[in-house]
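Below is one structure, written out as structure tokens, with a few remarks after it.
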DNA sequence: GTTTGCATGTAAACGGTTACATGATTGG
DNA sequence: CCAATCATGTAACCGTTTACATGCAAAC
């Protein structure tokens, strides 16, 4: 899902500045399955404006750059819905952690333990974040997405807690 | 995790040609959390050879291009382990499906059902693949990785089956 | 007779991140 | 005093994908 489409999606819910869109990503739970940096959001908004899919209104501010508030246009809504009617790109999951676990036997035992600790802490943190935003979910979709995220994270944590011993165990060379 | 490191990892287990490395990705369960195309593998192998991290031996073949079999060097092994001792990059999960679910209320009901059907079929397929490779897992790490993948996919499928009704339900406008 | 598998490689295009550039305000 | 927040934007860089280029053999 490209930054263009993500911006349209957010703007279909609320008008916002580029900066605010970025914040919605990070804070409102979107960041579990999409992401974008400001360096890609600003150019995307510029292009969407050119194409008439969003409109922009400048709000002057004292001692700050003008806020540029973007609003989705009817054409923008149509384009957004159209993009969701097309076949969706596949999910992509890249996990350096899982990759590293494949080679646990090459690593010192405490490095493996440390990786597990870090990863568990990280998932814990994500799960906590998810549960925090779950409360203020607005739409059916948000409930569904946070629920599914929670299901997945919980299962992963369960697995890690019960199976970390397997990978932390010393390699026992078969006695001859 | 960049293609370089992934190639080194695979070559730490077995020598292989670029073509074979690609196949190992797709067939041996690696593709659930790492991926790379031939267009990135060949240049990566060339560079690793230059740097002395892998060595290359050409095997002439009749009526086919020479096979170039790559073997990791001691320096390559050291570099690979060193890369796993450094802090790992974060996992990244990009899900156009989850993103689309956030906007289910904007879509026709049967498009949502179709997305769910497609996605469930897709996860089913991945899970079956994982269970197929789980049998011939060689190392502790492979067992761990396939086990964790299975745990996550199973939880997601469970969730989808029990909660799809929530998102497929008609939006009932509150009676006034 | 067409697709799939084997086997290599290059180059253009793409989409994105990171760093740079600027600068006042507020909270710790 | 320093870090974070607000607020925009550009440009260089990066890694990767996709398409192109080549071509035979086996399977369907």
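Protein chains in written order, with my numbering: chain A, 4 to 179; chain B, 4 to 179.
Backbone N, C-alpha and C define an ideal beta-carbon position, used for all residues, glycine too.
Model, not experiment: these values are computed from the prediction.
Considering only the alpha carbon of each residue, which of the options lies closest to residue i?
| i | options | result |
| --- | --- | --- |
| residue 87 of chain A | B:101, B:89 and B:8 | B:101 |
| residue 173 of chain A | A:26, A:113, A:49 and A:54 | A:113 |
| residue 20 of chain B | B:36, B:6, B:62 and B:30 | B:62 |
| residue 165 of chain B | B:123, B:37 and B:95 | B:123 |
| residue 167 of chain A | A:6, A:118 and A:135 | A:118 |
| residue 68 of chain B | B:34, B:22, B:33 and B:109 | B:22 |
| residue 147 of chain A | B:64, B:105 and B:60 | B:105 |
| residue 161 of chain B | B:59, B:126 and B:46 | B:126 |
| residue 2 of chain B | A:6, A:109 and A:46 | As displayed, chain B neither begins before 4 nor continues past 179, which places residue 2 of chain B out of reach and without an answer. |
Just to confirm my understanding: we take residue i, look at its own chain, exclude 5 residues before and 5 after, and list those with CB closer than 7 Å. What are they?
| i | result |
| --- | --- |
| residue 15 of chain B | 75, 80 and 83 |
| residue 179 of chain A | Low local confidence applies: a pLDDT of 46 at residue 179 of chain A is under 50, so the model's placement there is unreliable, and no value is given. |
| residue 64 of chain B | 70 |
| residue 140 of chain B | 146 and 149 |
| residue 34 of chain B | 28 |
| residue 6 of chain B | 39, 43, 44 and 47 |
Can you round the beta-carbon distance between residue i and residue j to whole angstroms, since I take them to be within the 8 Å contact cut?
| i | j | result |
| --- | --- | --- |
| residue 103 of chain A | residue 170 of chain A | That pair is no contact at about 10 Å. |
| residue 99 of chain A | residue 94 of chain B | 7 Å |
| residue 131 of chain A | residue 155 of chain B | Incorrect: roughly 18 Å between the Cβ atoms, too far for contact. |
| residue 36 of chain B | residue 96 of chain A | 6 Å |
| residue 4 of chain A | residue 92 of chain A | 6 Å |
Near residue i, what residues of its chain come up, given a Cβ to Cβ distance below 6 Å and the 5 sequence neighbours on each side ignored?
| i | result |
| --- | --- |
| residue 18 of chain A | 72 and 74 |
| residue 133 of chain B | 149, 152 and 153 |
| residue 163 of chain B | 123 |
| residue 60 of chain A | 72 |
| residue 137 of chain B | 149 |
Cutting at 8 Å between CB atoms, please list the residues of its own chain near residue i, excluding the five before and the five after it.
| i | result |
| --- | --- |
| residue 25 of chain A | 39, 40, 41 and 44 |
| residue 57 of chain B | 10, 11, 14, 48, 51, 73, 74, 75, 76 and 79 |
| residue 8 of chain A | 83 and 86 |
For residue i, count neighbouring C-beta atoms within 10 Å of its own C-beta (all shown protein chains included) and say buried if the count is 16 or more, exposed if not.
| i | result |
| --- | --- |
| residue 54 of chain A | exposed |
| residue 128 of chain B | exposed |
| residue 3 of chain B | Look at the range of chain B in this structure, 4 to 179, and you will see that residue 3 of chain B is not part of it. |
| residue 145 of chain A | buried |
| residue 32 of chain A | buried |
What are the residues of the segment 159–176 of chain A that lie near chain B, defined by any Cβ-Cβ distance shorter than 8 Å? Correct list: 159, 161, 162, 163, 166, 169, 170, 172 and 174.
Between the segment 59–83 of chain B and chain A, which residues of the former have a C-beta closer than 9 Å to a C-beta of the latter? Correct list: 80 and 83.
At a CB distance below 9 Å, what residues from the segment 4–16 of chain A approach chain B? Give them in sequence order. When CB distances to chain B are screened at a threshold of 9 Å, the residues of the segment 4–16 of chain A falling below it are 4, 8, 9, 12, 15 and 16, in chain order.
*Of all the residues that make up the segment 94–108 of chain B, which are near chain A by a beta-carbon distance shorter than 8 Å?*
Listed by position, the residues of the segment 94–108 of chain B near chain A (Cβ gap below 8 Å) are 94, 95, 96, 97, 98, 99, 100, 101, 102, 103, 104, 105, 106, 107 and 108.
Practice prompt. Check distances from the C-beta atoms of the segment 135–151 of chain A to those of chain B and list, in chain order, the residues that come in under 8 Å.
Written response: Correct list: 142, 143, 144, 145, 146, 147, 148, 150 and 151.
* Asked: Using a Cβ cut-off of 9 Å, which residues of the segment 26–50 of chain A contact any Cβ in chain B, in chain order?
  -> Residues 33, 35, 36, 37 and 38.
Query raised in the report: Relative to chain A, which residues along the segment 123–134 of chain B have a C-beta separation below 8 Å, given in chain order?
Result: Within the segment 123–134 of chain B, the residues whose Cβ lies closer than 8 Å to some Cβ of chain A are 125, listed in chain order.
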